Amino acid sequence: MNVICMIPARFNSSRFPGKLLAKALGKTVLQRTFEQAKNCAIFSKVCVATDHELIAKHVEELGGEVIWTSSSCPNGTQRLIEALKKTPELQQADIVLNLQGDHPCTSPDSMEAVVRLLKKDRKAAMSTAAIPLKNVHHFLSPHVVKCVFDQDQNALYFSRAPIPYCREGVPSRAYHHLGLYAYRTSFLLSSLKETLTPLQLQEDLEQLNILEKGLRIKIALVNDSPFGVDTPEDLISLEDYLRNARDESSKLFNKI
0 MNVICMIPAR FNSSRFPGKL LAKALGKTVL QRTFEQAKNC AIFSKVCVAT DHELIAKHVE
60 ELGGEVIWTS SSCPNGTQRL IEALKKTPEL QQADIVLNLQ GDHPCTSPDS MEAVVRLLKK
120 DRKAAMSTAA IPLKNVHHFL SPHVVKCVFD QDQNALYFSR APIPYCREGV PSRAYHHLGL
180 YAYRTSFLLS SLKETLTPLQ LQEDLEQLNI LEKGLRIKIA LVNDSPFGVD TPEDLISLED
240 YLRNARDESS KLFNKI
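Taking numbering that gives the first Met the number 0 as reference, the numbering of the sequence shown is continuous, increasing by one, and the terminal residue is 255.
Structure follows, in structure tokens:
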């Protein structure tokens, strides 16, 4: 089965313009994301879809492939669809992984887990990822998307509200949804003119568009950090995270 990875990369960001080209310990955010994807053995190709010359130049310097898209794309998924539509070669892929350019800590293992789950269930339109949620502040925050799913890892709902309900604290089955998606290429190409749905608009979550239309989404449980770079403060936190990871790796190496 042919699987490709596409990284939608937008330069302009309201809270942190140019964040993908900001450096964390010597490498840009986008470079770290790109390298994570290249380290995942399941992809036959890794591409970056962008509308900005500086990002395109940077990707080419990294030896990556660039697909030009319009600046009017409202979100990463639509940028991915546009890139597929204008590149017939990529339409031959069975599955496309949508890796957000500002999520440099997404591991190759998580990418593989999401793709594996979609491969196993041919009736599913897409798959995504989640991690256990333990922090009460995060559970209550509308900025943290929660998800619930059934015993077969089929998504039941995604929400910015604290779900499932718990009288106090955090329920044992609370999960933080991660913005990592794998799609069947045929599904993406058939949803070029999708209309917005009520719950999608209410929650401002595009994955609800799929659930509201009765389609199946699989949820893979992974061990990743839910880390994304949205602000300059996040970049500082990313550097701290990378230093800690490097220190832990060094300690482990010294024990061998």
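By construction, the Cβ of each residue, glycine as well, lies at the ideal position given by its N, Cα and C atoms. Keep in mind that this is a model prediction, so the values were computed, not measured.
CB residue i to CB residue j, shorter than 8 Å?
{"i": "residue 93", "j": "residue 2", "result": "yes"}
{"i": "residue 256", "j": "residue 66", "result": "Within the shown structure, residues of the chain are numbered from 0 to 255, placing residue 256 beyond reach of any answer."}
{"i": "residue 54", "j": "residue 33", "result": "no"}
{"i": "residue 169", "j": "residue 144", "result": "no"}
{"i": "residue 216", "j": "residue 206", "result": "yes"}
{"i": "residue 21", "j": "residue 214", "result": "no"}
{"i": "residue 97", "j": "residue 117", "result": "no"}
{"i": "residue 14", "j": "residue 229", "result": "yes"}
{"i": "residue 77", "j": "residue 188", "result": "no"}
{"i": "residue 210", "j": "residue 154", "result": "yes"}
{"i": "residue 141", "j": "residue 166", "result": "no"}
For residue i, which three-state DSSP category applies?
{"i": "residue 239", "result": "helix"}
{"i": "residue 175", "result": "strand"}
{"i": "residue 157", "result": "strand"}
{"i": "residue 132", "result": "coil"}
{"i": "residue 127", "result": "strand"}
{"i": "residue 55", "result": "helix"}
{"i": "residue 244", "result": "helix"}
{"i": "residue 220", "result": "strand"}
{"i": "residue 122", "result": "coil"}
{"i": "residue 32", "result": "helix"}
{"i": "residue 138", "result": "helix"}
{"i": "residue 214", "result": "coil"}
{"i": "residue 96", "result": "strand"}
I believe residue i touches residue j by the beta-carbon criterion, under 8 Å. Please report the beta-carbon distance rounded to the nearest angstrom.
{"i": "residue 103", "j": "residue 28", "result": "5 Å"}
{"i": "residue 68", "j": "residue 49", "result": "7 Å"}
{"i": "residue 163", "j": "residue 147", "result": "6 Å"}
{"i": "residue 23", "j": "residue 195", "result": "Not really, about 35 Å apart at Cβ, beyond 8 Å."}
{"i": "residue 181", "j": "residue 138", "result": "About 26 Å; that fails the 8 Å criterion."}
{"i": "residue 101", "j": "residue 19", "result": "6 Å"}
Could you please give the first and the last residue of the uninterrupted alpha helix (DSSP H) stretch that includes residue i?
{"i": "residue 207", "result": "206-211"}
{"i": "residue 263", "result": "In the structure as shown, the chain starts at 0 and stops at 255, and residue 263 therefore has no counterpart that could be examined."}
{"i": "residue 64", "result": "Element bounds for residue 64: not the alpha helix (DSSP H) but the beta strand (DSSP E), 64-67."}
{"i": "residue 186", "result": "184-189"}
{"i": "residue 198", "result": "197-202"}
Using C-beta distances below 6 Å, list every residue in its chain close to residue i, excluding the 5 sequence neighbours before and after it, in chain order.
{"i": "residue 251", "result": "Per-residue confidence for residue 251 stands at a pLDDT of 35, beneath the threshold of 50, marking its modelled position as unreliable; the derived number appears in the next sentence. Counting only Cβ-Cβ distances below 6 Å, and skipping sequence neighbours, we find nothing."}
{"i": "residue 44", "result": "3"}
{"i": "residue 37", "result": "45"}
For the beta strand (DSSP E) holding residue i, just list the boundary residues, first then last.
{"i": "residue 333", "result": "There is no way to answer for residue 333, as the model of the chain reaches only from 0 to 255."}
{"i": "residue 81", "result": "Per DSSP, residue 81 belongs to no beta strand (DSSP E); it is in the alpha helix (DSSP H), 75-84."}
{"i": "residue 49", "result": "44-49"}
{"i": "residue 145", "result": "145-148"}
Take residue i and list the residues in its own chain whose beta-carbon comes closer than 7 Å to its own, dropping the five residues that flank it on each side.
{"i": "residue 254", "result": "Any reading at residue 254 must be qualified, since the residue scores a pLDDT of 45, below 50, and its modelled position is unreliable; the value itself is stated next. If we look at residue 254 and ignore the five residues flanking it on each side, it has no Cβ neighbours."}
{"i": "residue 74", "result": "205"}
{"i": "residue 61", "result": "30, 33"}
Nearer than 7 Å: is that true of the beta carbon of residue i relative to any heavy atom of the ligand NAP?
{"i": "residue 238", "result": "Here there are no bound small molecules, and the ligand NAP is not part of this structure."}
Looking only at its chain, what residues have a beta carbon closer than 8 Å to the beta carbon of residue i, apart from the 5 residues adjacent to it on each side?
{"i": "residue 128", "result": "109, 112, 113, 176, 177, 179, 218, 219, 220, 221, 223"}
{"i": "residue 106", "result": "35, 221, 222, 223"}
{"i": "residue 122", "result": "215"}
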